[in-house]
Structure formats: C-alpha cells, structure tokens
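Per our numbering, the very first residue in the sequence shown carries number 53; after that it's consecutive.
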Amino acid sequence: MPLRRLPLLIALMLLTAAQAQALCNGRDMRPRLTPEAEAQLQAEVAQTPYAYGNHWIATRNGQQIHVIGTIHSTDPRLRGVMRDLRPVILSADAVLFEVTTGETEAHMDKLWRDRSLFMLKSKPYLPDMLTPPVWNYLADRMADDGFDADEVARMQPWFVGLFLDQSGCGRGLGLGKDLGLDDRIEKLARRSRIPIGSLEPSGASIRALAEQPIRDQAKILEYDLTSDMNSDDQVVTMAEAYFGERLAEGMLIQDWTMYGDLPVSRTEVQRLLDGFQHRLIDDRNKSWVPVIERTRGDVLVVAVGGAHLPGKNGLLNLLAERGFKMERAKF
Numbered sequence: 053m054p055l056r057r058l059p060l061l062i063a064l065m066l067l068t069a070a071q072a073q074a075l076c077n078g079r080d081m082r083p084r085l086t087p088e089a090e091a092q093l094q095a096e097v098a099q100t101p102y103a104y105g106n107h108w109i110a111t112r113n114g115q116q117i118h119v120i121g122t123i124h125s126t127d128p129r130l131r132g133v134m135r136d137l138r139p140v141i142l143s144a145d146a147v148l149f150e151v152t153t154g155e156t157e158a159h160m161d162k163l164w165r166d167r168s169l170f171m172l173k174s175k176p177y178l179p180d181m182l183t184p185p186v187w188n189y190l191a192d193r194m195a196d197d198g199f200d201a202d203e204v205a206r207m208q209p210w211f212v213g214l215f216l217d218q219s220g221c222g223r224g225l226g227l228g229k230d231l232g233l234d235d236r237i238e239k240l241a242r243r244s245r246i247p248i249g250s251l252e253p254s255g256a257s258i259r260a261l262a263e264q265p266i267r268d269q270a271k272i273l274e275y276d277l278t279s280d281m282n283s284d285d286q287v288v289t290m291a292e293a294y295f296g297e298r299l300a301e302g303m304l305i306q307d308w309t310m311y312g313d314l315p316v317s318r319t320e321v322q323r324l325l326d327g328f329q330h331r332l333i334d335d336r337n338k339s340w341v342p343v344i345e346r347t348r349g350d351v352l353v354v355a356v357g358g359a360h361l362p363g364k365n366g367l368l369n370l371l372a373e374r375g376f377k378m379e380r381a382k383f
C-alpha cells in the first residue's frame with residue numbers, strides 16, 4: 053500500500069500553516085477543467101461572498117481595518133507581496149493574528165511534552181476504526197518514526213495525520229520554521245514596535261481538529277491512506293489560486309475532487325468537508341469578530357489564513373454584516 057499524503061487535513065490547513073519545501077510534482081487543475089466544469093466553477097464562485105481578493109479594507113465610524121488573507125507556508129512570491137504591504141503594516145496602530153508566534157511555540161512545546169493531549173482516553177482505538185490492511189500499514193509506517201504500535205493505537209487520528217504529511221510540495225501544517233506571510237508581517241510589526249495580538253487562545257485550531265467526531269477523523273485517515281489521487285495537484289491549485297487572489301476557486305475544486313477515486317459517495321465526502329469547515333473555519337471566524345471590534349486604534353491590520361476570508365461565514369462577510377463598509381485593496 054503506497055503512503056498517501058493527507059489531502060483533506062492539509063488542504064484545510066494550507067492557508068492556516070507550513071513545512072519544509074521539497075520536490076513538488078503538482079499542477080494547477082484549473083486550466084485543465086472541461087468547459088462544462090469551468091462554467092460550473094464560475095457559477096458557484098458567483099454565489100460565494102467575497103470570493104476574490106486577499107486584501108480588503110473594512111471601514112466603520114472612522115476606523116479602518118485592513119483584513120489580509122495569508123498563506124502560512126513560504127513562497128518566493130511573498131517578497132513582492134511584502135513590499136506592497138509594508139506601508140500598510142507600518143501605518144497600523146495594532147496588528148492581530150490568529151495566534152502570535154510566541155504563543156504558538158509555547159503551545160506546541162506543551163503538546164510535545166504532554167502526550168495525553170492527543171491520546172484517546174478510551175475505546176474505540178485506531179485498530180477498532182481502521183480496516184486491518186490500513187491499520188497494519190499505519191503501524192509499520194509510524195514504527196519508522198519511533199512509535200510502537202500500542203502507542204499509535206491510542207493516538208487521535210488528527211494527530212497521526214501530522215506525521216503522514218509527505219507532500220512533495222512542502223506546504224501544510226505550519227510545524228516548520230519557513231516564513232509564511234503571517235510570519236513576515238509579525239516580524240515587521242515587532243521590529244517596528246507596533247503592538248501585536250492574538251484573535252484566539254493558542255491551540256484553538258488544534259482543538260477544532262480534535263473536536264471533530266472521532267469516527268469521522270478515522271474515516272478521513274482511512275480515505276487519505278488509500279486514495280491514489282494526486283494530492284500535490286490539490287495543494288498547488290490552492291496555492292496558485294491564492295496568489296491569483298481567486299482562492300474560492302481552489303477551495304471549490306478541492307471539494308469536487310476529494311476522494312474521487314474511492315467508492316465513497318459525494319454526499320459523505322461533503323459531510324466530512326462541511327464538518328471541518330464548520331469547526332476549523334466558520335466557528336473561529338465568528339469568535340474573532342468581537343475581538344476585532346474590541347481592539348482600539350484608528351488603523352488595524354488583521355492577518356489570518358486566506359481560507360478564512362471568503363464565503364457566507366467568511367470573516368469579510370461577517371464584518372460586512374456588522375456594518376463595516378468593505379473595499380478591496382491592493383495585494
């Protein structure tokens with residue numbers, strides 16, 4: 053059984069975190085769409101609020117909030133992006149991130165020290181939820197990383213997924229030290245002594261993953277380990293859509309193609325995707341709005357993963373519903 057990368061987890065985390073880059077064989081899927089699929093894509097994008105743009109200005113009562121969609125993995129194109137965004141950052145009275153780097157590092161240190169945070173407390177354990185071939189393969193693969201089978205059996209599925217990210221595209225979970233856009237913005241703000249803050253407690257995104265029903269986590273792990281889809285294509289499509297400021301296109305294609313080679317219904321795939329979207333994106337967006345509104349300053353910058361911007365429950369639409377006037381800005 054070939055090792056497969058974890059496409060669902062990675063795709064949903066792509067614009068919320070990064071790993072060291074390696075050889076990438078992926079291609080953007082959008083130019084290869086059939087005319088019918090292209091028409092469907094544009095029709096669905098048209099129904100998506102704020103589908104385009106990585107930099108928007110929200111204005112209300114004289115306050116300006118620059119909402120910037122970031123990519124958390126490194127890319128040489130970010131140098132040009134930062135040149136354009138530098139004056140915006142330097143004009144800010146405060147810059148807000150999902151979580152600041154220091155808080156993230158402290159939480160990850162705690163996670164590695166206290167394994168109870170990612171271990172299953174009771175049955176069902178992984179061998180109870182995965183098919184025997186998949187479990188046997190997984191146990192062997194994790195043994196190569198120094199984990200014995202008994203320990204792996206009690207790991208939460210989402211956590212196992214972190215170890216199995218083998219994408220040659222090198223974009224994913226933000227566990228490395230490559231500088232994504234949010235990292236670069238934070239470094240500039242710190243050097244310029246601009247106040248920075250977090251929109252949520254450290255570990256909120258991890259908790260969102262862990263709160264997914266355990267059997268759904270196991271299903272995703274099973275599907276990811278058995279799918280032969282070229283997930284590098286999905287990662288590249290998302291990244292290219294991001295830099296083209298057309299992220300909603302990549303997200304929709306992600307939905308269409310996920311597990312397309314497996315005997316699982318599109319209804320079930322969409323249910324799993326919706327569960328992640330609800331917990332990892334929508335709920336967190338809603339919790340951020342009051343934090344943004346409480347932050348003082350004539351000019352604020354809010355830098356969050358690009359996947360948080362578009363959609364009905366996207367951060368941009370939520371701010372518009374709170375009475376902010378929205379205007380797309382240069383990225």
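Here a beta-carbon is modelled for each residue, glycine too, at the ideal position from N, C-alpha and C.
query = Is it a yes or a no for the region 330-337 touching the region 198-215, going by three-plus beta-carbon pairs under 8 Å?
reply = no
message = With the cut-off set at 8 Å, would you say R193 and M171 are in Cβ contact?
response = Within the sequence shown, the letter at position 141 stands for residue 193. Within the sequence shown, the letter at position 119 stands for residue 171. Result no, Cβ atoms of R193 and M171 do not sit closer than 8 Å.
key: Separation of R112 from G363, as counted between CA atoms   = Here residue 363 refers to the residue found at position 311 of the sequence shown. Here residue 112 refers to the residue found at position 60 of the sequence shown. If I take the Cα positions, the gap works out to 21 Å.
query = Buried or exposed: which applies to L142, given that a residue is buried once 16 or more other Cβ atoms fall within 10 Å of its Cβ?
reply = For the purposes of this step, residue 142 is identified with residue 90 of the sequence shown, where counting begins at 1. It counts as exposed.
request  = List the DSSP bridge partners of H118.
outcome  = On the sequence shown, position 66 is the one that residue 118 refers to. I109, V353, per the DSSP bridge assignment.
query = On the three-state DSSP scale, how would you describe F199?
reply = Working through the sequence shown from its first residue, we reach residue 199 at position 147. F199 falls in the coil class under three-state DSSP.
ask   = Helix or strand or just coil, what does DSSP make of M65?
value = Reading the sequence shown from its first residue, position 13 is the one you call residue 65. Because M65 sits at a pLDDT of 46, beneath the cut-off of 50, its placement in the model cannot be relied upon, and the following sentence gives the value as read from the coordinates. DSSP places M65 in helix when its eight states are reduced to three.
task = Scan the region 232-266 and note each continuous beta strand (DSSP E) run of 3 residues or more that stays entirely inside, going in chain order.
result = 248-250
ask   = Quick one, are the C-beta atoms of A110 and I120 less than 8 Å apart?
value = In the sequence shown, counting from the first residue as 1, residue 110 sits at position 58. In the sequence shown, counting from the first residue as 1, residue 120 sits at position 68. No.
message = Does the region 82-92 come into contact with the region 317-331, if we say contact requires no fewer than three beta-carbon pairs (one atom in each stretch) closer than 8 Å?
response = no
query = For D313, which of G358, L277, L130, H159 has the nearest alpha-carbon?
reply = As a working note, residue 313 is residue 261 in the sequence shown. That would be L277, whose Cα lies nearest to the Cα of D313.
task = Taking R165 as part of the beta strand (DSSP E), name the residues at either end of that continuous run.
result = Reading the sequence shown from its first residue, position 113 is the one you call residue 165. Unbroken run through R165 is the alpha helix (DSSP H), 153-165; no beta strand (DSSP E).
query = Considering only C-alpha positions, which residue in the set M378, L370, Y275 is nearest to P185?
reply = Here residue 185 refers to the residue found at position 133 when the sequence shown is read from its first residue. Selected option, being the one with the closest Cα: Y275.
message = So the candidates are E345, K338, G375; which of them puts its Cα closest to the Cα of N365?
response = Working through the sequence shown from its first residue, we reach residue 365 at position 313. The option with the nearest alpha carbon to N365 is K338.
inquiry  = Please state whether the Cβ-Cβ distance between V147 and I248 is less than 8 Å.
reply    = Stepping through the sequence shown from its first residue, residue 147 is reached at position 95. Stepping through the sequence shown from its first residue, residue 248 is reached at position 196. Yes, Cβ-Cβ distance for V147 and I248 is below 8 Å.
task = With DSSP as the reference, please indicate the residues paired to V147 in a beta bridge.
result = For the purposes of this step, residue 147 is identified with residue 95 of the sequence shown, where counting begins at 1. V147 is bridged to I248, V353.
inquiry  = Using the three-state DSSP reduction, which class does M171 fall into: helix, strand or coil?
reply    = Numbered from 1 along the sequence shown, position 119 holds the residue referred to as residue 171. The answer is strand: DSSP assigns M171 an E or B state.
message = One question on the structure: do L251 and F376 come within less than 8 Å of each other, judged by their Cβ atoms?
response = Taking the sequence shown and counting its residues from 1, the one referred to as residue 251 is at position 199. Taking the sequence shown and counting its residues from 1, the one referred to as residue 376 is at position 324. No. Outside cutoff.
key: CA nearest to the CA of R167, picked from A359, D326, E203   = Locating residue 167 in the sequence shown gives position 115, where the first residue counts as 1. Selected option, being the one with the closest Cα: E203.
key: Separation of R346 from G78, as counted between CA atoms   = Sequence index remark: in the sequence shown, residue 78 carries index 26 (1-based). Sequence index remark: in the sequence shown, residue 346 carries index 294 (1-based). Cα to Cα, G78 sits roughly 42 Å from R346.
Top-ranked residue by Cα proximity to L216, from R236, A195, S317, D234 = Numbered from 1 along the sequence shown, position 164 holds the residue referred to as residue 216. Here the closest residue by C-alpha is A195.
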